[in-house]
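Residue numbers (the working numbering): 739 to 1130. Structure record follows, encoded as structure tokens.
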């Protein structure tokens, strides 16, 4: 049976390569469109509107100085807004509602603890829904931690040196009262910036994945019309072999096309899509979902012409509402929610997170899981439909 599957797959691959559809649809057209969009509209494009909650349970000069310095930072002006909140619980509620994208929480007694050489921890609350705000908050807290560590070591060194008690007390009070110079010399937004070439490169890869796998499944309907499937059934092979063979080739070509689009984007624009392993997993998961959906379409239509029309509609609707043609954050609020009903929306969300924050595979576990769930659901429904004339 494996030999028959290999024969069908090899014939499908040879046919697709010979007539040029695989190369044109999987590589030439999406790379060309992504390049044109990137050249015309490229450049750093962070969604530069982030609201960061600021919870000061300490009430000392240290948090107040941090707040003043953040508000005075030229890199953040016009992009980041600080919102004072009364408690960590309130910050959590604001985070869940989407009113803020992240929060910085100073615990009670923080300034006194730092001044006494005991150190202190500042908490960061963030959500994957607003990666830019998370990047900003994390950058600020990283600088605060560096200042706190330096002061803690300095105070401890003075204590070990046996400085008289009145001088130690004066030093502690001065350290507790003095504001920190956290020094936002580096742009805290650097990690949140995403070149538009990444949006359009990944968007074209996501869009044309539907067409690449759709061409293989459409071929099943053509072969049924021509009587090729009946001749295959007359041979001692299982009914699922033609479907599986074409599906394997369509999936492989779509994955190869997506990876080549990624490589072309990096080479042409010098942009990064993020962690290579995570990007690969996201692209493979997207192709799985696209293959399952196009297979579902094929199982429900009667002719190859109908398949072409429905697959085109599904592909472009998913691409538009899912952020493949227009970045999701440019869509109205209700349409941003609709985006998460499409595989393209979850793919765009995952790749934006990887490119914007430099995160790894763990950060995109949810989008990948949703894409796999779409693939399993649509694939299962498609197999039931295939029994009506394609498998039986």
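Every residue gets a Cβ at the ideal spot worked out from N, C-alpha and C, and that includes glycine. This structure is a prediction, so every number in the text was calculated from the model and none was measured.
Is residue i helix, strand or coil when you go by DSSP?
i	result
residue 1123	helix
residue 1114	helix
residue 840	strand
residue 1078	coil
residue 880	helix
residue 863	strand
residue 1102	helix
residue 1040	coil
residue 797	coil
residue 822	strand
residue 947	helix
residue 774	helix
residue 788	strand
residue 1010	coil
residue 913	Because the pLDDT of residue 913 is 48, which lies under 50, any placement of that residue in the model is unreliable, and the question is left without a value.
residue 751	helix
residue 768	helix
residue 1062	coil
residue 1069	coil
residue 980	helix
residue 920	With a pLDDT of 47 at residue 920, under the threshold of 50, the modelled position of that residue is not reliable, and no figure is offered here.
residue 846	coil
residue 963	helix
residue 1087	helix
residue 857	coil
residue 872	helix
residue 758	coil
With distances taken Cα to Cα, identify the nearest neighbour of residue i among the options.
i	options	result
residue 886	862, 864, 856	856
residue 992	746, 811, 764	764
residue 979	847, 1121, 1084, 1008	1121
residue 837	802, 852, 829	829
residue 878	983, 743, 842, 999	842
residue 1020	981, 801, 1103	1103
residue 778	762, 809, 938, 794	938
residue 942	795, 1061, 1101, 1117	1061
residue 872	1015, 848, 833	833
residue 955	845, 750, 741, 1059	750
residue 748	769, 1105, 772, 983	983
residue 950	1075, 1012, 864, 1030	1030
residue 788	864, 823, 743	864
residue 1078	981, 1044, 1106, 858	1106
residue 1055	1075, 1082, 810	1082
residue 998	1039, 940, 1050	940
residue 1039	745, 835, 957	957
residue 1013	810, 1001, 1097	1097
residue 1111	1076, 1070, 1023	1023
residue 745	835, 809, 981	981
residue 743	809, 808, 1069, 985	985
residue 1043	1117, 1003, 1101, 963	963
Are residue i and residue j close, meaning C-beta to C-beta below 8 Å?
i	j	result
residue 804	residue 882	yes
residue 1066	residue 1086	yes
residue 1017	residue 1063	no
residue 1084	residue 1119	no
residue 946	residue 767	yes
residue 1113	residue 996	no
residue 800	residue 876	no
residue 987	residue 756	no
Please check the pair residue i and residue j, which I expect to be a contact at CB under 8 Å, by giving their CB distance rounded to whole angstroms.
i	j	result
residue 948	residue 840	Actually they do not touch by this definition, with Cβ atoms about 35 Å apart.
residue 821	residue 792	7 Å
residue 1032	residue 952	4 Å
residue 847	residue 796	7 Å
residue 818	residue 874	5 Å
residue 1048	residue 1035	5 Å
residue 1011	residue 1089	6 Å
residue 773	residue 1006	6 Å
residue 860	residue 844	6 Å
residue 1045	residue 959	6 Å
residue 934	residue 776	7 Å
Looking at chain C, is there any beta carbon in it that lies within less than 8 Å of the beta carbon of residue i?
i	result
residue 992	Any reference to chain C falls outside this structure, which holds one protein chain only.
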